[in-house]
Amino acid sequence: MAQQEPVRALVPAALQKSLSRRMFLGGTAALGAGAFLAACSSSSGGGDSASGTLNIYTWGEYDDPDVLKEFTAANGPSITLDSYGSNPEMIAKLSAAKGTSGYDICVPTHSAIQQMVSGDLLAELDHAKLPNMKNLNASVVDTPFDPGNKYSVCKDWGSTGYVYDTTVINRELTSWADFLDAAQKEASGSLSLLEDQGEVAFTYFYANGIDPNTTDPANIEAYRTFIIDKIAPHVQAFESSTNTSISTSARALIHCWNGDARLGLLNNPEPERYKWVWPSEGANLWQDNWAIVKGAPNEEAAYQFINYVLDPAVSLKELTYIGYNTGIDGVEQAATEAGIERPDLVFISDEVMSKLVYSQMTSMDGTIIAIYDELKAAAGQ
Numbered sequence: 362m363a364q365q366e367p368v369r370a371l372v373p374a375a376l377q378k379s380l381s382r383r384m385f386l387g388g389t390a391a392l393g394a395g396a397f398l399a400a401c402s403s404s405s406g407g408g409d410s411a412s413g414t415l416n417i418y419t420w421g422e423y424d425d426p427d428v429l430k431e432f433t434a435a436n437g438p439s440i441t442l443d444s445y446g447s448n449p450e451m452i453a454k455l456s457a458a459k460g461t462s463g464y465d466i467c468v469p470t471h472s473a474i475q476q477m478v479s480g481d482l483l484a485e486l487d488h489a490k491l492p493n494m495k496n497l498n499a500s501v502v503d504t505p506f507d508p509g510n511k512y513s514v515c516k517d518w519g520s521t522g523y524v525y526d527t528t529v530i531n532r533e534l535t536s537w538a539d540f541l542d543a544a545q546k547e548a549s550g551s552l553s554l555l556e557d558q559g560e561v562a563f564t565y566f567y568a569n570g571i572d573p574n575t576t577d578p579a580n581i582e583a584y585r586t587f588i589i590d591k592i593a594p595h596v597q598a599f600e601s602s603t604n605t606s607i608s609t610s611a612r613a614l615i616h617c618w619n620g621d622a623r624l625g626l627l628n629n630p631e632p633e634r635y636k637w638v639w640p641s642e643g644a645n646l647w648q649d650n651w652a653i654v655k656g657a658p659n660e661e662a663a664y665q666f667i668n669y670v671l672d673p674a675v676s677l678k679e680l681t682y683i684g685y686n687t688g689i690d691g692v693e694q695a696a697t698e699a700g701i702e703r704p705d706l707v708f709i710s711d712e713v714m715s716k717l718v719y720s721q722m723t724s725m726d727g728t729i730i731a732i733y734d735e736l737k738a739a740a741g742q
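Numbering (this note's numbering), first residue to last: 362 to 742.
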């Protein structure tokens, strides 16, 4: 019998230009579309084993490859990963497929779930098939964006801030206002913004004391004017995977998520060169979630996989690899006991948490996306 290839990773065109954040850390190069992560796997049976291939549509390199291989060894199905760079990209692809995408699992951010439910893109979950949901902390279940976890289960969560190169920016930065000021001064031409329309808008809203979920046309227009006129000329890149830039000291000012910042700093030969900032005004509180795609061809394997990663031991492996809190009860203590590095960038303090706000879908989302596209064009991207 031919040996099964347990994990195949398809890399979208958007990621061909650089190493993805976790491929870099795993020591695996991004080889372009159709590249694969091949590894040997010993077969392991099980009375409830699923068969075939489990197709997961997710963010680039968002899972520990060893966890994926161990799941295949224990449960049977091989895994194919296909990745995207933004929620709108993922939603557009699933919407166009109309239930025939071939994907079994997707990983939407909290703010995208209701849109996906309205578009009939997600299957209702059978909680009886997810007994390990009992391991999740109360703070990540029965959330406002998915009451009763009808369509989603927490994968991990975090927030947003930035790092700056202290050899270039000699003053102390502590806020979004400082971030936007340095972007126009010391970091001009050496600035990267997240490849996320909402996160870029939040930098302006928080810096100016505006509700991050504002729908006031005056606020939106003020944001547009500022970001196009004042920030666009200084942007060097837009990134969804910032670890490479941080670990190679590629830019002076890098807008990023906390886990990516941590991983980049740990892999930088001069880790003290960069300073991470939890902005004093507050920031986005986001949660990425496991969800089963409507029309999933291998739904049984999807349930098995989600349940598998909700096991505390598996969850700790995932947290150690990706650098984000997985929402499992007791995982912080377990990670601390395991000697995880820079836990301050994984486990968010109560003081910082008090200033974080869940982003929401609003009637202005289309306008925010259009402004982002205009920003990229003005920056020459």
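Virtual Cβ for every residue (Gly too), placed ideally from N, Cα, C.
Problem - Cβ-Cβ distance between Ser-472 and Ser-720 below 8 angstroms - result: Working through the sequence shown from its first residue, we reach residue 472 at position 111. Working through the sequence shown from its first residue, we reach residue 720 at position 359. Yes, these two residues count as a Cβ contact at 8 angstroms.
Exercise for the section: Would you mind listing the alpha helix (DSSP H) stretches within the stretch 634-718 that are 4+ residues and don't spill past its ends, in chain order? Expected result: Annotation: the stretch 634-718 contains the following complete segments of the alpha helix (DSSP H) (minimum length 4 residues), in chain order: 660-670, 673-683, 692-698, 711-714.
Practice task
Return helix, strand or coil for Phe-506, following the three-state DSSP convention.
Solution key: In the sequence shown, the residue the question calls residue 506 occupies position 145. In the structure shown, Phe-506 sits in coil (DSSP, three-state: anything other than H, G, I, E or B).
Exercise for the section: Using alpha carbons as the reference points, say which of Asp-690, Met-722, Val-670, Gly-700 lies closest to Pro-426. Expected result: Along the sequence shown, one-based indexing puts residue 426 at 65. For the residues Asp-690, Met-722, Val-670, Gly-700, the minimum Cα distance to Pro-426 belongs to Val-670.
Exercise for the section: Tell me whether Met-714 is buried or exposed, calling it buried when 16 or more other Cβ atoms sit within 10 Å of its Cβ. Expected result: Within the sequence shown, the letter at position 353 stands for residue 714. Answer is exposed; the Cβ neighbour count stays below 16.
Handout entry: Segment limits, alpha helix (DSSP H) that includes Lys-430
Key = Here residue 430 refers to the residue found at position 69 when the sequence shown is read from its first residue. Its alpha helix (DSSP H) spans residues 426-436.
Problem - Euclidean distance between Cα positions of Tyr-512 and Lys-678 - result: Stepping through the sequence shown from its first residue, residue 512 is reached at position 151. Stepping through the sequence shown from its first residue, residue 678 is reached at position 317. Rounded to whole angstroms, the gap between the alpha carbons of Tyr-512 and Lys-678 is 25 angstroms.
Practice task
Give the straight-line distance between the Cα atoms of Val-654 and Asn-619, rounded to the nearest whole angstrom.
Solution key: What you label residue 654 is simply residue 293 of the sequence shown in a count that begins at 1. What you label residue 619 is simply residue 258 of the sequence shown in a count that begins at 1. The straight-line gap from Cα to Cα measures roughly 28 angstroms.
Handout entry: Inside the stretch 487-544 only - beta strand (DSSP E) runs reaching at least 3 residues
Key = Unbroken beta strand (DSSP E) runs of no fewer than 3 residues, entirely contained in the stretch 487-544, are found at 514-526, following chain order.
Practice task
Measure from the alpha carbon of Glu-547 to the alpha carbon of each residue in Gly-559, Glu-556, Leu-534, Gly-509, then state which is nearest.
Solution key: The residue labelled residue 547 in the question sits at position 186 within the sequence shown. The closest CA to that of Glu-547, considering only Gly-559, Glu-556, Leu-534, Gly-509, is found on Leu-534.
Problem - Unbroken beta strand (DSSP E) run spanning Asn-629, endpoints - result: If you number the sequence shown from 1, residue 629 lands on position 268. Asn-629 -> no beta strand (DSSP E), and no H or E assigned at all.
Practice task
Within its chain, find whatever has a CB closer than 8 angstroms to the CB of Ala-327; leave out the 5 residues flanking it on each side and keep chain order.
Solution key: There is simply no residue 327 to check, as the chain begins at 362 and stops at 742 in what is shown.
Exercise for the section: Please work out which residues of its chain come closer than 8 angstroms, Cβ to Cβ, to Glu-642, disregarding the five sequence neighbours upstream and downstream, and give them in chain order. Expected result: Numbered from 1 along the sequence shown, position 281 holds the residue referred to as residue 642. Closer than 8 angstroms at Cβ, skipping near neighbours: Ser-536, Trp-537, Ala-538, Tyr-567, Ala-568, Gly-570, Lys-716.
Practice task
Report the three-state DSSP secondary structure of Gln-476 (helix, strand or coil).
Solution key: Residue numbering aside, residue 476 sits at position 115 when the sequence shown is read from its first letter. DSSP, reduced to helix, strand and coil, places Gln-476 within a helical segment of the structure shown.
Problem - Pro-673 to Leu-429 span [Cα, whole Å] - result: What you label residue 673 is simply residue 312 of the sequence shown in a count that begins at 1. What you label residue 429 is simply residue 68 of the sequence shown in a count that begins at 1. Cα-Cα distance, rounded: 15 angstroms.
Practice task
Go ahead and pull the three-state DSSP assignment for Gln-597.
Solution key: Counted from its first residue, the sequence shown places residue 597 at position 236. Of the three classes helix, strand and coil, the one that applies to Gln-597 here is strand, per DSSP.
Practice task
Quick one: which unbroken beta strand (DSSP E) runs of 3-plus residues sit fully inside the stretch 536-587? Chain order, please.
Solution key: Runs of the beta strand (DSSP E) inside the stretch 536-587: 552-555.
Exercise for the section: Go to Ile-607, then tell me how far its alpha helix (DSSP H) extends in each direction, as first and last residue. Expected result: Within the sequence shown, numbered from 1, the residue matching residue 607 stands at position 246. Per DSSP, the continuous alpha helix (DSSP H) segment holding Ile-607 begins and ends at 604-608.
Problem - Cα-Cα separation between Gln-364 and Val-675, rounded to whole angstroms - result: Within the sequence shown, residue 364 is the residue found at index 3, counting from 1. Within the sequence shown, residue 675 is the residue found at index 314, counting from 1. For Gln-364, the predicted structure reports a pLDDT of 42, less than 50, and the residue's modelled location is therefore unreliable. A value from the coordinates is still provided. Near 25 angstroms, if we compare the C-alpha coordinates of Val-675 and Gln-364.
Problem - Which residues DSSP lists as bridging Thr-419, in chain order - result: Here the question's residue 419 lines up with position 58 in the sequence shown. For Thr-419, which the question treats as bridged, DSSP gives the partners Ser-444.
Handout entry: Per-residue DSSP class, three states only, for Thr-470
Key = If you number the sequence shown from 1, residue 470 lands on position 109. DSSP places Thr-470 in strand when its eight states are reduced to three.
Practice task
Look up Gly-388 in the DSSP assignment and say whether it is helix, strand or coil.
Solution key: Reading the sequence shown from its first residue, position 27 is the one you call residue 388. In this prediction, Gly-388 has a pLDDT of 24, which is less than 50 and means its spatial position is unreliable; nothing more can be read from the coordinates.
Exercise for the section: Below 6 angstroms CB to CB, which residues in the same chain sit around Gly-559 once its five sequence neighbours on both sides are set aside? Expected result: Taking the sequence shown and counting its residues from 1, the one referred to as residue 559 is at position 198. The answer, listed in chain order, is Ser-720.
Practice task
Excluding the 5 residues preceding and the 5 following Ile-474 in the sequence, name in chain order all residues of the same chain whose CB lies nearer than 8 angstroms to its CB.
Solution key: Along the sequence shown, read from residue 1 onward, the residue named residue 474 stands at position 113. Cβ within range, chain order: Leu-483, Phe-506, Asp-507, Tyr-512, Ser-513, Asn-650, Ala-652.
Exercise for the section: Could you give the DSSP three-state label for Leu-455: helix, strand or coil? Expected result: Position 94 of the sequence shown, counting from 1, holds the residue named residue 455. Helix, per DSSP.
Exercise for the section: Ignore the nearest five residues each way along the sequence and tell me which others in Thr-728's own chain have a CB closer than 6 angstroms to its CB. Expected result: Counted from its first residue, the sequence shown places residue 728 at position 367. So the qualifying residues of the chain are Ile-581.
Problem - Close beta carbons around Pro-594, own chain, < 7 angstroms, minus the five adjacent residues each side - result: Here residue 594 is taken as the residue at index 233 of the sequence shown, counted from 1. Nothing meets the Cβ criterion.
Handout entry: 8 angstroms Cβ cutoff met for Gly-460 and Asn-416
Key = Against the sequence shown, residue 460 aligns to sequence position 99. Against the sequence shown, residue 416 aligns to sequence position 55. For the 8 angstroms CB-CB criterion, Gly-460 and Asn-416 do not form a contact.
Problem - Extent of the continuous beta strand (DSSP E) to which Ile-615 belongs - result: Position 254 of the sequence shown, counting from 1, holds the residue named residue 615. 614-618 is the span of the beta strand (DSSP E), which, as asked, contains Ile-615.
Problem - Range covered by the alpha helix (DSSP H) that runs through Lys-737 - result: Within the sequence shown, residue 737 is the residue found at index 376, counting from 1. Looking at the DSSP string, the run of the alpha helix (DSSP H) that includes Lys-737 is 726-739.
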